[in-house]
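Taken in sequence, the protein lines are chains A and B. First residue of the first sequence? That's 1 in the UniProt record's numbering, and the numbers climb one at a time after it. First residue of the second sequence? That's 1 in the UniProt record's numbering, and the numbers climb one at a time after it. Ideal Cβ placement from N, Cα and C applies to all residues, glycine included. Quick caveat: nothing in here was measured; it's all calculated off a predicted structure. Notes to accompany the following structure.
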Amino acid sequence: MSLKKNDEMDHNAWLKTQDLTVIETAFLTTLIWLDKRLRIVDYLELLETMYYRANLQMPKSHTEQYDLDNKFWYWYPLYSLGSLSIIAYLVAAVSGALLGFYYSPSTAGAVAQGDPTAAYNSIVAIIQDVQFGHMLRSIHRWSAQFMVAAVFLHMLRVYFTGSYKEPREVNWILGIVLIGLTLLFGFSGYVLPWKQLSFWAAQIGVEMALATPLVGEWAAQLMFGGFTLGQATLVRMYILHVFVLPFVVTALIALHVGIVWVQGIAEPH
Amino acid sequence: MTDDTTTPTDAADADRAVTDGGTDEEARTDGGPPATVPPDDETPTWTDRKERSQGLSRLTYQYFERSRREDEDLRAESTYVERDVLGFPAWPHETIRNLAITSFFVGIMLLVSAILPPHFGDPANPGSTPAIILPDWYLYWSFGLLHLDPINPELAILGGEKVMSDELYGLVAHGVIFGVITLVPFLNKGSARRPVEEPFWAAVGVSGVIFSVTLGVLAIQNLVPIELDLLLNLVFLLPVIGAVITYAVLKTLREGYMYDLNRRYYMLRPPK
Chain A
1 MSLKKNDEMD HNAWLKTQDL TVIETAFLTT LIWLDKRLRI VDYLELLETM YYRANLQMPK
61 SHTEQYDLDN KFWYWYPLYS LGSLSIIAYL VAAVSGALLG FYYSPSTAGA VAQGDPTAAY
121 NSIVAIIQDV QFGHMLRSIH RWSAQFMVAA VFLHMLRVYF TGSYKEPREV NWILGIVLIG
181 LTLLFGFSGY VLPWKQLSFW AAQIGVEMAL ATPLVGEWAA QLMFGGFTLG QATLVRMYIL
241 HVFVLPFVVT ALIALHVGIV WVQGIAEPH
Chain B
1 MTDDTTTPTD AADADRAVTD GGTDEEARTD GGPPATVPPD DETPTWTDRK ERSQGLSRLT
61 YQYFERSRRE DEDLRAESTY VERDVLGFPA WPHETIRNLA ITSFFVGIML LVSAILPPHF
121 GDPANPGSTP AIILPDWYLY WSFGLLHLDP INPELAILGG EKVMSDELYG LVAHGVIFGV
181 ITLVPFLNKG SARRPVEEPF WAAVGVSGVI FSVTLGVLAI QNLVPIELDL LLNLVFLLPV
241 IGAVITYAVL KTLREGYMYD LNRRYYMLRP PK
């Protein structure tokens, strides 16, 4: 018995006996190299099992079984509103990430009341100096408007087609949470330019928070960084808008769509 | 520690009491209980798992077993024709359709943002309140709820004082609206789907939509050339009027459908 390692499964030798193209050889070599280290075959097998479990034969849907497509075709365009809001959300995310390179969340620079702050000036710079800056801001704002509009219309579609009924109650409630977060997204973004309307919208927010019994002052501290508006408010709104909400909303959207995937689309009857 | 001294006899007893298909001493893990994990080809059924567990996990397995059996019964009873084709293929049908929808929608957004760039107002000035404070359009309804203070009830017992501040009143209104919307699936049950099938709930929906619009008008009340009293009345009356009209229209539609159905029925089976 020799001490030399006996490689019963010499994949490379096997590879040489095959008559393969360059692409096939490169692919297999990479696969074998990775598999020896990470054992990806196991994971591929798991994926394959999941694929076949997910693709079991489904029963015919209601509209198919009774051949109703010709009667309810006019509902179908409304069924794209949910994905339209996701598309608008993605456009807003990309344009927002680009705007983030130029925006500075700071109230510094105002000598007297009513002077432009650093935040305000950075947006003026985006509009006036940055190439395509005005277009970028315009895209960000309009995609946000489109997203909110699509979300509201999506909710109306779900309501008027009765799609919230059993077993989809959980997704309806999740949708309400998502609408609330979308509005919060819009509100926090509205404050960021630190213009007159931003300031007074935030002022109303603080007054509303302070009017709440028991938790009001705590909520005002948490959301607005104090009872009067200033640097702390702007930074909190900024972090909310670019860090907290994107993660939370993206995760909830994934859950929302995942539940639709599992439960199936509620078709018109 | 004292248990360890009696190991020889106990181990012998344990060997005789093995219930897991003859796990021998070598198969034991360090310090743990005898290995109860069966060989790979014997995945335990829900029944096995149920018998091995206690308490809440036992209940869980009991339920799983029942629900699995229910599923199998339903499937056996079902008269559904299983379909051969699951849907349109992901490539090229679905992919191209989705790409078309996406690029169309993104194109519209780019077009609108190119021809209608947003206005950029004056810098913030904590010293001067602007004449018109407004959020974005999608929060008009919420801002309108904060303008409901003229109908904040006063109590004669409290000497005409308001029960809660006007701001809190607006907040409570938000809570009520979100609460009602959340409760919708638990109030409206049944398998009806189309508005025609449920004129009442469709009317509720239409009145909600109109209410959100009238609230938005209330939010910009100082731009609307209507007296506040009349405006407040309209805010609450218009949704009701819209609901009544919707209800009437849908009921009429339904009568029409029933008329058609009945006519076909009597054409097939004429009354004697």
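Chain A contact residues for Leu-134/B, given Cβ-Cβ distances below 7 Å
Within the second sequence, numbered from 1, the residue matching residue 134/B stands at position 134. Here the neighbours are Leu-197.
Taking His-256/A as part of the alpha helix (DSSP H), name the residues at either end of that continuous run.
In the first sequence, residue 256/A corresponds to position 256, counting from 1. Bounds of the alpha helix (DSSP H) holding His-256/A are 245-263.
Taking 8 Å as the threshold (beta carbon to beta carbon), is Met-109/B in contact with chain A?
Taking the second sequence and counting its residues from 1, one reaches residue 109/B at position 109. Judged by the 8 Å Cβ criterion, Met-109/B is in contact with chain A.
So who's on the other strand from Glu-154/B, going by DSSP bridges?
For the purposes of this step, residue 154/B is taken as the residue at position 154 of the second sequence. The partner list for Glu-154/B (beta bridge, DSSP) reads Lys-162/B.
Residues of the region 131-158 of chain A with Cβ closer than 8 Å to any Cβ of chain B, in chain order:
His-134, Met-135, Arg-137, Ser-138, Ile-139, Arg-141, Trp-142, Ser-143, Gln-145, Phe-146, Val-148, Ala-149, Phe-152, Leu-156
Determine the DSSP secondary structure at Gln-57/A, reduced to helix, strand or coil.
As a first step, residue 57/A is located in the first sequence; it is residue number 57 there, counting from the start. No answer about Gln-57/A holds up, because its pLDDT of 49 lies below 50 and its placement is not dependable.
Does the distance from the C-beta atom of Leu-153/A to that of Ile-126/A stay below 8 Å?
Position 153 of the first sequence, counting from 1, holds the residue named residue 153/A. Position 126 of the first sequence, counting from 1, holds the residue named residue 126/A. Taking 8 Å as the Cβ cut-off, Leu-153/A and Ile-126/A do not qualify as a contacting pair.
Option nearest Gln-221/B by Cα separation, candidates Leu-145/B, Leu-56/B, Ala-248/B, His-93/B:
Along the second sequence, one-based indexing puts residue 221/B at 221. The residue with the shortest Cα to Cα distance from Gln-221/B is Leu-145/B.
Which runs of the alpha helix (DSSP H) fall wholly inside the region 169-238 of chain A and span at least 4 residues, in chain order?
169-191, 196-211, 216-224
Check distances from the C-beta atoms of the region 119-145 of chain B to those of chain A and list, in chain order, the residues that come in under 9 Å.
Those residues of the region 119-145 of chain B that come within reach of chain A (Cβ to Cβ, closer than 9 Å) are Phe-120, Gly-121, Asp-122, Pro-123, Ala-124, Asn-125, Pro-126, Gly-127, Ser-128, Thr-129, Pro-130, Ile-132, Ile-133, Leu-134, Pro-135, Asp-136, Trp-137, Tyr-138, Leu-139, Ser-142, Phe-143.
Taking all protein chains shown into account, decide if Arg-33/A is buried (16 or more other Cβ within 10 angstroms of its Cβ) or exposed.
To locate residue 33/A, count along the first sequence from 1; it is residue 33. Correcting the residue type first, residue 33/A is Trp in the shown sequence and not Arg. Classification of Trp-33/A: exposed, given that the 10 Å Cβ count is below 16.
So which residues of chain B does Ser-85/A contact, with C-beta pairs closer than 8 Å?
The residue labelled residue 85/A in the question sits at position 85 within the first sequence. By Cβ distance, chain B contributes nothing, its closest Cβ being about 10 Å from Ser-85/A, past 8 Å.
Between Met-155/A and Gly-175/A, is the Cβ-Cβ spacing less than 8 Å?
Residue mapping note: residue 155/A aligns to position 155 of the first sequence, counting from 1. Residue mapping note: residue 175/A aligns to position 175 of the first sequence, counting from 1. Cβ distance < 8 Å, so Met-155/A and Gly-175/A count as in contact.
At least three beta-carbon pairs within less than 8 Å, the region 87-101 of chain A to the region 123-137 of chain A
yes
Taking C-beta to C-beta, are Thr-107/A and Trp-194/A nearer than 8 Å?
As a position in the first sequence, residue 107/A is number 107, starting the count at 1. As a position in the first sequence, residue 194/A is number 194, starting the count at 1. By the CB criterion at 8 Å, Thr-107/A and Trp-194/A fall inside the cutoff.
Residues of its chain near Lys-251/B, where Cβ-Cβ distance is below 7 Å and the 5 sequence neighbours each way are ignored
As a first step, residue 251/B is located in the second sequence; it is residue number 251 there, counting from the start. Contacts found: Pro-199.
In chain order, each alpha helix (DSSP H) run of at least 4 residues that lies wholly inside the region 84-146 of chain B:
95-115, 140-146
Tell me whether Ala-11/B is buried or exposed, calling it buried when 16 or more other Cβ atoms sit within 10 Å of its Cβ.
Stepping through the second sequence from its first residue, residue 11/B is reached at position 11. Unreliable placement is indicated for Ala-11/B, whose pLDDT of 47 sits below 50; the coordinate value is still reported in the next sentence. With fewer than 16 Cβ atoms within 10 Å of its Cβ, Ala-11/B is classed as exposed.
Is the CB-CB distance between Val-260/A and Leu-178/A below 8 Å?
Position 260 of the first sequence, counting from 1, holds the residue named residue 260/A. Position 178 of the first sequence, counting from 1, holds the residue named residue 178/A. It is not a contact, given that the beta carbons lie outside the stated cut-off.
What do you reckon, are the CB atoms on Ile-86/A and Ile-239/A nearer than 8 Å?
Along the first sequence, one-based indexing puts residue 86/A at 86. Along the first sequence, one-based indexing puts residue 239/A at 239. No, they are not a contact pair.
Cβ shell of Gly-258/A (< 6 Å), same chain only, five flanking positions each side left out
Locating residue 258/A in the first sequence gives position 258, counting from the first residue. Nothing listed; no residue qualifies.
Note down, one range per segment and in chain order, each beta strand (DSSP E) of at least 3 residues found wholly within the region 105-157 of chain A.
Within the region 105-157 of chain A, no complete beta strand (DSSP E) run reaches 3 residues.
Against chain C, does Ser-207/B count as a neighbour if the rule is that its beta carbon must be under 8 Å from one of theirs?
The structure shown contains no chain C; the protein chains it does contain are A and B.
How many Å lie between Ser-83/A and Val-148/A at the Cα?
To locate residue 83/A, count along the first sequence from 1; it is residue 83. To locate residue 148/A, count along the first sequence from 1; it is residue 148. Taking the straight line joining both Cα atoms gives about 12 Å.
Segment contact flag, the region 164-173 of chain B with the region 204-217 of chain A, C-beta cutoff 8 Å, min 3 pairs
yes
Best match in Ile-204/A, Glu-267/A, Lys-16/A for proximity to Lys-165/A [C-alpha to C-alpha]
Counted from its first residue, the first sequence places residue 165/A at position 165. Closest by alpha carbon: Glu-267/A.
Other residues of its chain near Glu-111/A: CB distance less than 6 Å, five sequence neighbours each side excluded
Taking the first residue of the first sequence as position 1, residue 111/A is located at position 111. The residue asked about is misnamed: residue 111/A is Val in this sequence, not Glu. For Val-111/A, where only same-chain residues beyond five positions count, there are no Cβ hits under 6 Å.
Applying the 10 Å Cβ sphere with the 16-neighbour rule, what's the burial state of Asp-15/B?
Counting from one through the second sequence, the residue named residue 15/B turns up at place 15. With a pLDDT of 48 at Asp-15/B, under the threshold of 50, the modelled position of this residue cannot be trusted, and the question is left open.
Is there a C-beta anywhere in chain A that falls below 8 Å from the one on Phe-211/B?
The sequence position of residue 211/B within the second sequence is 211, counting from 1. Not an interface residue.
Pull up the CB-CB distance for Leu-234/B and Pro-150/B, whole angstroms please, since I reckon it's below 8 Å.
Indexing the second sequence from 1 puts residue 234/B at position 234. Indexing the second sequence from 1 puts residue 150/B at position 150. Leu-234/B to Pro-150/B, Cβ: 13 Å. No contact.
Could you list which residues in chain B have their beta carbon closer than 7 Å to that of Met-9/A, in chain order?
Along the first sequence, read from residue 1 onward, the residue named residue 9/A stands at position 9. Simply none; closest approach about 21 Å.
Would you say Val-262/A lies against chain B (beta-carbon separation less than 8 Å)?
In the first sequence, counting from the first residue as 1, residue 262/A sits at position 262. Answer no: the Cβ-Cβ gap between Val-262/A and chain B never drops below 8 Å.
At the level of alpha carbons, what is the spacing between Pro-153/B and Glu-72/B?
The residue you call residue 153/B lines up with position 153 of the second sequence. The residue you call residue 72/B lines up with position 72 of the second sequence. Distance from the CA of Pro-153/B to the CA of Glu-72/B, rounded to the nearest whole angstrom, comes to 58 Å.
Proximal residues of chain A, C-beta to C-beta of Ser-67/B below 7 Å
Locating residue 67/B in the second sequence gives position 67, where the first residue counts as 1. Residues of chain A passing the Cβ test: none, with the nearest at roughly 14 Å.
Answer with buried or exposed for Trp-73/A, where buried requires no fewer than 16 other C-beta atoms within 10 angstroms of its C-beta.
Here residue 73/A corresponds to residue number 73 of the first sequence, with the count starting at 1. It counts as exposed.
Could one say the Cβ of Phe-236/B lies closer than 8 Å to chain A's Cβ atoms, at least one of them?
In the second sequence, residue 236/B corresponds to position 236, counting from 1. No, Phe-236/B lies away from the interface with chain A (no Cβ there is under 8 Å from its Cβ).
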